Amino acid sequence: MRVVGKILVLGVIIGALLLAALYAGGEAWFSRAGPPAKSGTETVVLLEHGLGVNAIARRLEQAGVIDNALIFALWTRIKGEGGALKAGEYAIPSKASMAEVLDLLIGGKSILHKLTIAEGLTSAQVIRLVAADAVLTGDAAATPPEGALLPETYLFTRGTTRADIVAKIRKAHDDLLLDLWPKRVGDLPFSTVDEAVTLASIVEKETALAEERPRVAAVYINRLRKHMLLQSDPSVIYGITKGEPLGRGLRQSELEAKTPYNTYQVAGLPPTPIDNPGRASIEAVLNPPHTNELYFVANGSGGHVFASTLEQHQENVRKWRKVERLQAETPMLRRDPGELRRAR
């Protein structure tokens, strides 16, 4: 019996040693460099939701990023990670070991795609961008209200739906306003978030220069306080084209038409935003600088000249008219009519 017992103990020891050797060998195999990428420095592999360990291993082998699907699947289960693999689109580095591939799939480090929404786009224009993105899936659903989206660059993984990204853009807008609205200065000439966004949408269209946004916002806020007409060309254009490029200058008849968006004829803010303003424009109208400025006109170099009195403004307008004439006489200096701002 003692001999039998010793044999059993010896057998257990040998078995344990063999298992340890097999594990060490498997670990070495699992950690050794994998196949080189067929081209470039990485291989992109898409793993859809619902794939099991064996299917994932076969997909990786077919893509050429591992050299043995059976070993990958077996070793993944031995490590107890069979249920930790995440679906996604992965960029597998050339010669990555199976261990490195497994880490990528456990970490869910999918490729991030991006969608950039520029400041000043209308909601319809944003939805067209979303619809045109080849990585997103599904329909974008209805066009959100004007001013309900936050211009920004959004990151997403393959498989994200258009409805999901639109919801994300709307939530970013709502979250920003929840943060900024309580921090606004007192005595603003509007009382609601919607009115703030409407004014910010006008500021967004009036200047492309970030440093000018606070001054433009201050001009309009000063005008609202004095019950002056806003006289915003972009607002008038929105009433005509719903924010699409007009492609020409405004006609006198259009400036004289009494429509809801014609701020040359109707006092106060237009009924809705005219685009989706960015954070800087929203911040500018909620925390404008203290100025006495009531007017601004283009300066011919992409910016504006500001004035506190009508006399100063009229002199600035005369200077701008000279620039306009020069631009008309010199083709190389002509600018897109949509970039020119009327004298306020």
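Note that our numbering numbers the sequence shown so that position 51 is 1445, with each residue one more than the last. The beta-carbon is built from N, C-alpha and C at its ideal position, and this holds for glycine as well. All values derive from a computational prediction rather than experimental measurement.
Contact defined as beta carbons within less than 8 Å: I believe residue i pairs with residue j. What is the distance between those atoms, to the nearest angstrom?
i: isoleucine 1460; j: valine 1438; result: Between valine 1438 and isoleucine 1460 the Cβ distance is about 15 Å, and since that is not below 8 Å, they are no contact.
i: alanine 1463; j: arginine 1471; result: The pair is not a contact, with the Cβ atoms about 13 Å apart (cut-off 8 Å).
i: alanine 1674; j: arginine 1719; result: The pair is not a contact, with the Cβ atoms about 33 Å apart (cut-off 8 Å).
i: isoleucine 1752; j: valine 1520; result: Missing from the structure shown is residue 1752; the chain here goes from 1395 to 1738 and no further.
i: alanine 1431; j: serine 1504; result: Going by Cβ atoms, the distance from alanine 1431 to serine 1504 rounds to 18 Å, so no, they are not a contact pair.
i: isoleucine 1596; j: tyrosine 1614; result: 7 Å
i: lysine 1652; j: glutamine 1646; result: That pair is no contact at about 14 Å.
i: alanine 1661; j: histidine 1621; result: 7 Å
i: glycine 1637; j: threonine 1547; result: Going by Cβ atoms, the distance from glycine 1637 to threonine 1547 rounds to 21 Å, so no, they are not a contact pair.
i: isoleucine 1511; j: leucine 1498; result: With 8 Å as the limit, isoleucine 1511 and leucine 1498 do not qualify as a contact, their Cβ atoms being about 30 Å apart.
i: threonine 1657; j: proline 1665; result: Between proline 1665 and threonine 1657 the Cβ distance is about 11 Å, and since that is not below 8 Å, they are no contact.
i: leucine 1574; j: isoleucine 1676; result: 6 Å
Taking 7 Å as the threshold (C-beta atoms), are residue j and residue i in contact?
i: leucine 1593; j: histidine 1567; result: no
i: asparagine 1681; j: serine 1702; result: no
i: alanine 1602; j: alanine 1678; result: no
i: serine 1629; j: tyrosine 1655; result: yes
i: proline 1667; j: glutamate 1540; result: yes
i: alanine 1478; j: valine 1447; result: no
i: glycine 1444; j: lysine 1480; result: no
i: serine 1433; j: alanine 1493; result: no
i: asparagine 1616; j: leucine 1688; result: yes
i: alanine 1427; j: serine 1491; result: yes
i: arginine 1556; j: leucine 1530; result: yes
i: glycine 1514; j: aspartate 1669; result: yes
i: glutamate 1475; j: isoleucine 1450; result: no
i: arginine 1578; j: glutamate 1483; result: no
i: isoleucine 1631; j: leucine 1640; result: yes
i: leucine 1571; j: leucine 1506; result: no
i: glutamate 1598; j: proline 1538; result: no
i: arginine 1609; j: phenylalanine 1700; result: yes
i: valine 1740; j: valine 1691; result: Here the chain has residues from 1395 to 1738 only, and residue 1740 is not among them.
Would you give the residue range spanned by the alpha helix (DSSP H) that residue i belongs to?
i: lysine 1565; result: 1556-1574
i: threonine 1592; result: 1587-1600
i: alanine 1427; result: No alpha helix (DSSP H) holds alanine 1427; DSSP gives it neither H nor E.
i: alanine 1612; result: 1607-1619
Would you give the residue range spanned by the beta strand (DSSP E) that residue i belongs to?
i: leucine 1509; result: 1507-1510
i: leucine 1523; result: Note, leucine 1523: premise wrong, no beta strand (DSSP E); alpha helix (DSSP H) at 1517-1526.
i: leucine 1549; result: 1547-1550
Could you check whether the Cβ of residue i sits closer than 6 Å to any heavy atom belonging to the ligand ZN?
i: valine 1717; result: Looking for the ligand ZN in the displayed structure turns up nothing, as the structure carries no ligands at all.
Would you call the segment 1528-1546 and the segment 1578-1585 in contact, with 3 or more CB pairs under 8 Å?
no
Tell me the start and end of each unbroken beta strand (DSSP E) in the segment 1435-1494 that is at least 3 residues and wholly inside, in chain order.
1436-1441, 1482-1487
Please specify which runs of the alpha helix (DSSP H), each continuous and at least 4 residues long, are wholly inside the segment 1636-1697, giving them in chain order.
1646-1650, 1673-1680
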